[in-house]
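Worksheet: the structure to be examined is printed underneath.
Numbering (the numbering used here), first residue to last: 3 to 208.
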């Protein structure tokens with residue numbers, strides 16, 4: 003691995019990474035709902051555009067949730083990995099129509115995996131609560147029909163601090179070393195960001 007500590011990612015690179023992955027997701031998972039975690043909203047919006055070209059579904063919903071595992075470092079623009087996942091935004095009652103659906107959780111990066119694990123656990127609770135409101139004769143069939151998947155633009159190749167439930171479909175746009183990723187929506191000067199990304203691209207990550 004190179005000495006790169008920060009790696010700048012462009013909007014174009016994210017767009018192309020999603021485009022290269024979406025046909026497999028459409029064929030294998032065929033999502034009905036995209037649940038975007040925080041910065042996963044932009045990737046989810048791009049993915050929906052491509053899914054509409056790859057599946058007959060045109061009414062794919064995007065729901066947004068907010069989870070935080072990172073804490074700001076005092077006197078710095080950087081962040082420190084926290085200990086506990088904090089829920090900052092969740093689905094509204096009108097958005098909790100999940101039972102029987104193919105639910106794809108979308109995030110920009112799989113770092114420690116703690117936020118992804120937490121999101122799945124909480125979504126499964128919501129689904130079970132929804133199912134329990136339905137007639138008993140429908141419940142088992144709804145449980146069978148409900149499937150869960152994950153898409154991340156980048157998966158960091160590092161030991162994870164949490165596991166995913168068995169049977170969850172997992173898709174990563176790209177596997178990368180454990181570098182600090184600077185995403186374009188985090189920058190003030192997008193032109194400078196893109197120039198730095200061009201320089202980073204000259205240094206092999208592996």
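Positions of the beta carbon are idealized from the N, C-alpha and C atoms, including for glycine. Since this is a predicted model, take the numbers as computed values, not measurements.
Exposure label - residue i; buried when at least 16 CB within 10 Å
i	result
residue 157	buried
residue 46	buried
residue 23	buried
residue 18	exposed
residue 110	buried
Beta-bridge pairing of residue i - partner residues as DSSP gives them
i	result
residue 177	157
residue 66	38
residue 128	Note: residue 128 sits in no beta bridge, so no partner.
residue 149	104
residue 184	10
Cα-Cα separation between residue i and residue j, rounded to whole angstroms
i	j	result
residue 9	residue 176	14 Å
residue 162	residue 120	13 Å
residue 164	residue 115	6 Å
residue 173	residue 20	10 Å
residue 198	residue 123	38 Å
residue 33	residue 86	29 Å
residue 103	residue 53	16 Å
residue 188	residue 139	48 Å
residue 201	residue 69	32 Å
residue 3	residue 159	With a pLDDT of 44 at residue 3, under the threshold of 50, the modelled position of this residue cannot be trusted; read the value that follows with caution. Approximately 12 Å, taken between the alpha carbons.
residue 57	residue 168	26 Å
residue 183	residue 11	7 Å
residue 98	residue 150	14 Å
residue 207	residue 134	48 Å
residue 142	residue 193	53 Å
residue 13	residue 190	14 Å
Nearest to residue i (by Cα), restricted to the options the options
i	options	result
residue 118	12, 50 and 88	88
residue 37	17, 14 and 105	105
residue 127	160, 93 and 159	93
residue 196	185, 64 and 146	185
residue 170	17, 66, 108 and 65	108
residue 60	100, 35, 12 and 181	35
residue 101	40, 152, 64 and 148	148
residue 42	7, 26 and 65	65
residue 203	178, 91 and 71	178
residue 40	91, 63, 194 and 150	91
residue 26	152, 190 and 15	152
residue 44	16, 30 and 29	16
Neighbour flag for residue i against chain D, beta carbons, 7 Å
i	result
residue 21	Going by chain labels, chain D is absent from the structure shown, which holds only one protein chain.
Whole-number beta carbon distance between residue j and residue i, since they are thought to touch under 8 Å
i	j	result
residue 154	residue 112	4 Å
residue 144	residue 136	6 Å
residue 7	residue 129	Not quite, the Cβ-Cβ distance comes to about 40 Å (not below 8 Å), so this is no contact.
residue 62	residue 50	5 Å
Any non-hydrogen atom of the ligand HEM within 6 Å of residue i CB
i	result
residue 193	Among the ligands in the structure shown, none appear at all, so the ligand HEM cannot be discussed.
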